[in-house]
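S.K.: Chains as they are written, first to last, in the working numbering: chain A, 367 to 482; chain B, 494 to 605. Structure provided below as structure tokens; questions to follow.
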Amino acid sequence: SQTIHQWPATLVQPVGSPLSLECTVEGTSNPNLYWYRQAAGRGLQLLFYSVGIGQISSEVPQNLSASRPQDRQFILSSKKLLLSDSGFYLCAWSGRSGGADYNEQFFGPGTRLTVL
Amino acid sequence: GQSLEQPSEVTAVEGAIVQINCTYQTSGFYGLSWYQQHDGGAPTFLSYNALDGLEETGRFSSFLSRSDSYGYLLLQELQMKDSASYFCAVRPYGGATNKLIFGTGTLLAVQP
Chain A
367 SQTIHQWPAT
377 LVQPVGSPLS
387 LECTVEGTSN
397 PNLYWYRQAA
407 GRGLQLLFYS
417 VGIGQISSEV
427 PQNLSASRPQ
437 DRQFILSSKK
447 LLLSDSGFYL
457 CAWSGRSGGA
467 DYNEQFFGPG
477 TRLTVL
Chain B
494 GQSLEQPSEV
504 TAVEGAIVQI
514 NCTYQTSGFY
524 GLSWYQQHDG
534 GAPTFLSYNA
544 LDGLEETGRF
554 SSFLSRSDSY
564 GYLLLQELQM
574 KDSASYFCAV
584 RPYGGATNKL
594 IFGTGTLLAV
604 QP
């Protein structure tokens, strides 16, 4: 069965510090990968998605970047955090067979980031 | 652009039926999905409507009407554990076909 891991679960960082959040998927090959951010009580904002190693699409211009160094590894980074980067960061994957496979995304447990 | 609107909050009592609406403005999409998210947790997939009509999965049903730009999630025999946020989502035509646009979300509170 497929599983998705994210770490750390919670993180408190000072403004101006760097960030690295990691997401790994097990039990599937060549997945589509996604990074979302969710502010408290709000919806899901798609930040980045990737269809393959080294292929990153950015949805919103921002202070963050993403990388996919391996097929099942997705990393979210920042060189200097801003207060507005606080939120709940979710990684997700979906299959690549088309049809319903694309519509079901599987989410990791998330990282709650607080920037002080 | 695309947007999906949902009521921000809905309250219902245990055992009742509740409908969560999703109205959208999008030029075209493959289907409408629904996700459930408990407080502090990850969203989980509930249902998917590729075609107009009603899809039933146990106590949950989902409906889509493309002509009315409208869909809903119907929860029957409500239980306390159904208290959560619910999001509709579409996969739009054009561009990258593998990303979802999520609605604003509805917080459902089930009361005893």
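For each residue, glycine too, the CB sits at the ideal point set by N, CA and C. These numbers come from a predicted model, not from an experiment.
1) Ser-460/A versus chain B: which residues are under 8 Å apart at the beta carbon?
2) Can you give the Cα-Cα distance for Phe-538/B and Gln-404/A, rounded to whole angstroms?
3) What residue does the beta strand (DSSP E) around Thr-550/B start on, and which one ends it?
4) With burial defined as no fewer than 16 other Cβ atoms inside 10 Å of the residue's Cβ, what is the status of Ala-535/B: buried or exposed?
5) Would a C-beta distance cut-off of 7 Å place Ser-483/A and Val-426/A closer than the cut-off?
6) From Ala-375/A to Ser-560/B, what does the alpha carbon distance come to, in whole angstroms?
7) Of the residues that make up the region 410 to 434 of chain A, which ones have a beta carbon closer than 9 Å to any beta carbon in chain B?
8) Kindly indicate which residue of Leu-547/B, Asn-591/B, Tyr-579/B and Lys-592/B has the alpha-carbon position closest to the one of Gln-530/B.
9) Mind checking who Gln-439/A pairs with in its DSSP beta bridge?
10) Is it buried or exposed, Ala-509/B, if we count other Cβ atoms within 10 angstroms and call 16 or more buried?
11) I think Glu-498/B touches Met-573/B, with their Cβ atoms under 8 Å apart; what is that distance to the nearest whole Å?
12) Where does Ser-540/B fall in DSSP's three states?
13) With a threshold of 7 Å between beta carbons, is Arg-559/B in contact with chain A?
14) What did DSSP end up calling Leu-449/A once you bin it into helix, strand or coil?
M.R.: Let me lay it out:
1) Your numbering for residue 460/A matches position 94 in the first sequence. Correct list: Asn-591.
2) Residue numbering aside, residue 538/B sits at position 45 when the second sequence is read from its first letter. Residue numbering aside, residue 404/A sits at position 38 when the first sequence is read from its first letter. If you take the alpha carbons of Phe-538/B and Gln-404/A, they lie about 17 Å apart.
3) Position 57 of the second sequence, counting from 1, holds the residue named residue 550/B. Its beta strand (DSSP E) spans residues 546 to 550.
4) Counting from one through the second sequence, the residue named residue 535/B turns up at place 42. Label assigned to Ala-535/B: buried.
5) With chain A covering only 367 through 482, there is no way to say anything about residue 483/A.
6) Taking the first sequence and counting its residues from 1, one reaches residue 375/A at position 9. Taking the second sequence and counting its residues from 1, one reaches residue 560/B at position 67. So the two alpha carbons sit approximately 43 Å from each other.
7) Hits within the stretch, in order: Leu-410, Gln-411, Leu-412, Tyr-415, Val-417, Ser-423 and Glu-425.
8) Taking the first residue of the second sequence as 1, we reach residue 530/B at position 37. Looking at the Cα atoms, Tyr-579/B is the closest of the given residues.
9) The count along the first sequence starts at 1 and reaches residue 439/A at position 73. Note: Gln-439/A sits in a beta bridge opposite Thr-390/A and Gln-436/A.
10) If you number the second sequence from 1, residue 509/B lands on position 16. Classification for Ala-509/B: exposed.
11) Reading the second sequence from its first residue, position 5 is the one you call residue 498/B. Reading the second sequence from its first residue, position 80 is the one you call residue 573/B. Glu-498/B to Met-573/B, Cβ: 27 Å. No contact.
12) Locating residue 540/B in the second sequence gives position 47, counting from the first residue. Under the three-state reduction of DSSP output, Ser-540/B falls in the strand class.
13) Taking the second sequence and counting its residues from 1, one reaches residue 559/B at position 66. No, its Cβ sits nowhere closer than 7 Å to a Cβ of chain A.
14) Working through the first sequence from its first residue, we reach residue 449/A at position 83. Leu-449/A: helix per DSSP, three-state reduction.
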